[in-house]
Amino acid sequence: MTEQSRLGRIEVSPQAIAGLAATAVLECYGVVGMARPTPYSGFAEVLQREHHRRGVRVNVNNERITIDLYVVFEYGVRISEVAQNIMENVKFRVEKALGIPIDAVNVHVQGLRLSGN
Amino acid sequence: MSEKNALSQAEIIPPEPSPHSEQLADARHSGKPSICDGQEFRRYIEAAGSWLEAHIELINSLNVYPVPDGDTGTNMYLTMQAALREISAVAENTISAVVRALAHGSLMGARGNSGVILSQIWRGVAKYLDGKTYLTASDWAQAMREGSAVAYKGVIRPVEGTILTVAREASEAALRAAAQSEDIVFVMQQALAQAQTTLVHTPDLLPVLKEAGVVDAGGQGLCAILEGILRYLRGEPTKVVEGAKPVSRLEPEGEPEHEYGYDVQFLVVGENLPIDAIRETIMGMGDSVLVVGDSTTIKVHIHSEDPGRIFSYATTQGQLQDVVLENMQDQYHQFLAKQSNSSDPALPTGEISTVAIVNGEGISQVFESLGGGALWQAARP
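Below, the structure is given as structure tokens:
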């Protein structure tokens, strides 16, 4: 994302946006991890804490931003509702930080975690 | 808005006393170890639901985190409604069956972050109470503890200063209370007292709350649920009399000498409404500001000393609808007067009430002796 100001240019890299989005995702109730985007279904590679942003894909096309999130949920939560909460939270946080509207936030649930007792 | 209307019309069946619950009530009042079966527990949850309903607006107005969209109260209420629908279909009279329905109904009907968290709390409660026929005070404390533990597992970084903190500290207080007494009323009372204390401290734990000058909305919702149950256990009404504005005792202690001004609520209807600009302008006109909606309908809630200015501005933006203007100073004085006059009997809030029009002091006393809840003396023409 680039923005021209009187003194120069402001550029925000997709990775920075990914970092922001990842932080917003992890705030959401029901999310217990992020996974690497994979073309195969059924094998979720859960990312370590420091690599969370790799579970986010940011697409910038003609100043339109779409964000794809690859997430792992806690077993037993209402998936559609948690996904909806994530979309709202990510859109709100990223738009607030960037001041640019987000076109779409897509949530890909890559796996569910079953917590033991 | 249609959703809001539907909500206010939603009927909640008030707890009806059954012969069985009277026995339980006797046990409560005599301070004997109290027990509770499935149907009695259903009434706990109904009471929690109606008391939550009475606080929807208050809770909505506190909602600033994670997304300040002013719907926490509505979401929690809809989640509880879904649970109650599920529970009403349960025929079995065991705790186990009722809490299973509670967990399942709230899971399927979970709305918003707070609703999802609430459903997880109930899931933990149901997990602990699985297989039980009756509920004891110590079961309840343990179940609350399990509810809080399950809720904490659903998120990577539990944020303190939210409903999670309130649930955890309340359940710990319940456990301490259950170690001292087998009385479920005592346990509930201790849990609620702690929940309210924790709620008041949420702004210290979560800076965004402090900046907005509010306590956590979800935490407030949980307090309303616990308070609803406690009110039921004490035989106090949980349904707010129509037309009466719910006054929360849970609000953090503000400056008592503060001027209250007016509570202003309305809808702005139009096309391409600049919501951000409107919010910015209205923010400067008072406090407890809530401006939510979209480009065609905006809901505004604000406390202000000078409502005229707000209406003048809003009419330049679009058409005004559903205007509500209330004198909070007046409400506050009424509230204080009501507080100081504690002998004032509670208004009857049962399903059926009888209205009697009488023509003299003597007959009025007869009705009073028959259990009339409230009497008004009509002025003579």
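First to last, the protein sequences are chains A and B. If you read the first sequence in the working numbering, its first letter stands for residue 870, the second for the next number, and so on. If you read the second sequence in the working numbering, its first letter stands for residue 13, the second for the next number, and so on. Just so you know, even glycine gets a beta-carbon here, dropped at the ideal spot from N, CA and C.
{"query": "Just to confirm the assignment: which complete beta strand (DSSP E) runs, minimum length 3, are found wholly within the segment 906-949 of chain A?", "result": "925-930 and 933-943"}
{"query": "Suppose you measure from the CA of B:Ser131 to the CA of B:His315; what does that come to, to the nearest Å?", "result": "33 Å"}
{"query": "Excluding the 5 residues flanking B:Tyr146 on each side, which residues of the same chain have their C-beta closer than 7 Å to its C-beta?", "result": "Ile47, Cys48, Asp49 and Ile107"}
{"query": "Any beta carbon of chain A sitting closer than 8 Å to that of B:Arg97?", "result": "no"}
{"query": "When you compare the CB of A:Glu943 with every CB in chain B, is at least one pair closer than 8 Å?", "result": "yes"}
{"query": "Can you tell me where the beta strand (DSSP E) with B:Asn339 in it begins and where it stops?", "result": "Gln331 to Asn339"}
{"query": "Once the 5 residues before and after B:Asn284 are set aside, which same chain residues still bring their CB inside 6 Å of it?", "result": "Ser307"}
{"query": "Closest Cβ-Cβ distance between B:Gly61 and chain A: below 8 Å?", "result": "no"}
{"query": "Tell me which residue opens and which closes the beta strand (DSSP E) that B:Asp81 is part of.", "result": "Where B:Asp81 is concerned, there is no enclosing beta strand (DSSP E), given that its DSSP letter is neither H nor E."}
{"query": "Which partner residues of A:His977 appear in the DSSP bridge assignment?", "result": "A:Tyr939"}
{"query": "Look up B:Glu239 in the DSSP assignment and say whether it is helix, strand or coil.", "result": "helix"}
{"query": "Check B:Tyr274 in the structure and name its three-state DSSP category.", "result": "strand"}
{"query": "Tell me B:Thr210's beta-bridge partners as DSSP assigns them.", "result": "For B:Thr210, which the question treats as bridged, DSSP gives no partner whatsoever."}
{"query": "What residue range is occupied by the uninterrupted beta strand (DSSP E) comprising B:Val312?", "result": "Thr309 to Ser316"}
{"query": "From which residue to which residue does the alpha helix (DSSP H) around B:Gly124 run?", "result": "Gly124 to Leu141"}
{"query": "Whose C-beta lies closer than 8 Å to the C-beta of B:Thr210 among residues of the same chain, with five residues either side of it excluded?", "result": "Thr177, Val178, Glu181, Ala182 and Gly231"}
{"query": "Rounded to the nearest angstrom, how far is the Cβ of B:Arg169 from that of A:Leu981, given a contact under 8 Å?", "result": "Their Cβ separation, rounded to whole angstroms, is 19 Å, which puts B:Arg169 and A:Leu981 out of contact at 8 Å."}
{"query": "Indicate whether at least one CB of chain A lies closer than 8 Å to the CB of B:Gly43.", "result": "Reliability of the predicted coordinates at B:Gly43 is poor, the pLDDT of 44 falling under 50, and the value obtained from them is presented with this limitation in mind. Closer than 8 Å: no."}
{"query": "Over what stretch of residues does the beta strand (DSSP E) that includes B:Ile57 continue unbroken?", "result": "Not the beta strand (DSSP E): B:Ile57 falls in the alpha helix (DSSP H), residues Gly50 to Ala66."}
{"query": "Any beta carbon of chain B sitting closer than 8 Å to that of A:Asn954?", "result": "yes"}
{"query": "With 8 Å as the threshold, decide whether the Cβ of A:Gly902 is near any Cβ in chain E.", "result": "In the structure shown, chain E cannot be found, because the protein chains are A and B."}
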